[in-house]
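Undergrad: Structure incoming, see below.
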Amino acid sequence: MLDRKSKVLKKFRKEIRSGIYSYIVLKLLETEELHGYAIRKSFENLTSGRFVPSEGTLYDLLKSLQKLGLVESFWVVDVRPRKCYRLTELGREVLEEIKVEINLIREVIRKFEEVEND
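Per our numbering, the sequence shown starts with residue 2, numbered consecutively.
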């Protein structure tokens, strides 16, 4: 059974990653249309494999973003049919607002770290 510290860490990591995964997916789709596997590979490449959602988590996230109207899916047939995703106009607008929030969070964390190092 998980000890208390492990349970708390698991909960915090899940909460933190949930929002960050959404941001990263929107950010990846900002410049190109991608299928789910390509999104997951981008996570792996960007984070050296240390911060990658499971396939189930990623596809649940994509469905959620689609329900919110931030991304839309479409089928592409090359070697085999693949479901691809792209940002909607609403997705672009929300991403711009979230970028501001992310920058604020970065600034606050940086300030806390400066205080700790003084």
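Ideal placement from N, C-alpha and C gives every residue a C-beta, glycine not left out.
From this set, S19, K28, Y22, E16, which residue's C-alpha is nearest L96's C-alpha?
TA: Minimum Cα distance to L96 is reached at K28.
Undergrad: Kindly give me the distance between the Cβ atoms of Y24 and I99, rounded to whole angstroms, as I take these residues to be in contact under 8 Å.
TA: Y24 to I99, Cβ: 6 Å. Contact.
Undergrad: Using only the alpha-carbon positions, how far apart do V78 and Y86 sit?
TA: V78 and Y86: Cα-Cα distance of roughly 14 Å.
Undergrad: Quick one: measure Cβ to Cβ for L62 and V26, integer angstroms, because I've assumed they're closer than 8 Å.
TA: Indeed, because the Cβ distance is near 6 Å, the residues count as touching under 8 Å.
Undergrad: If we count the other Cβ atoms within 10 Å of its Cβ and call it buried at 16 or more, is F44 buried or exposed?
TA: Buried, since its Cβ has 16 or more Cβ neighbours within 10 Å.
Undergrad: For L71, does the three-state DSSP call read helix, strand or coil?
TA: It is coil, neither helix nor strand.
Undergrad: Taking the continuous beta strand (DSSP E) assigned at R87, which residues delimit it?
TA: Counting along the chain, the beta strand (DSSP E) containing R87 begins and ends at 82-88.
Undergrad: Of the choices K15, K64, V80, whose alpha-carbon is the least far from that of V53?
TA: Nearest option by C-alpha distance: K15.
Undergrad: Looking at the unbroken alpha helix (DSSP H) that takes in S7, where does it start and where does it end?
TA: It spans 5-32 - the alpha helix (DSSP H) in which S7 sits, taken as one unbroken run.
Undergrad: Please report how far the alpha carbon of E90 lies from the alpha carbon of V72, in whole angstroms.
TA: Near 9 Å, if we compare the C-alpha coordinates of V72 and E90.
Undergrad: By how many angstroms is the C-alpha of K12 removed from the C-alpha of E108?
TA: E108 and K12: Cα-Cα distance of roughly 24 Å.
Undergrad: Among E115, V116, E34, which one has its Cα closest to the Cα of S74?
TA: For the residues E115, V116, E34, the minimum Cα distance to S74 belongs to E34.
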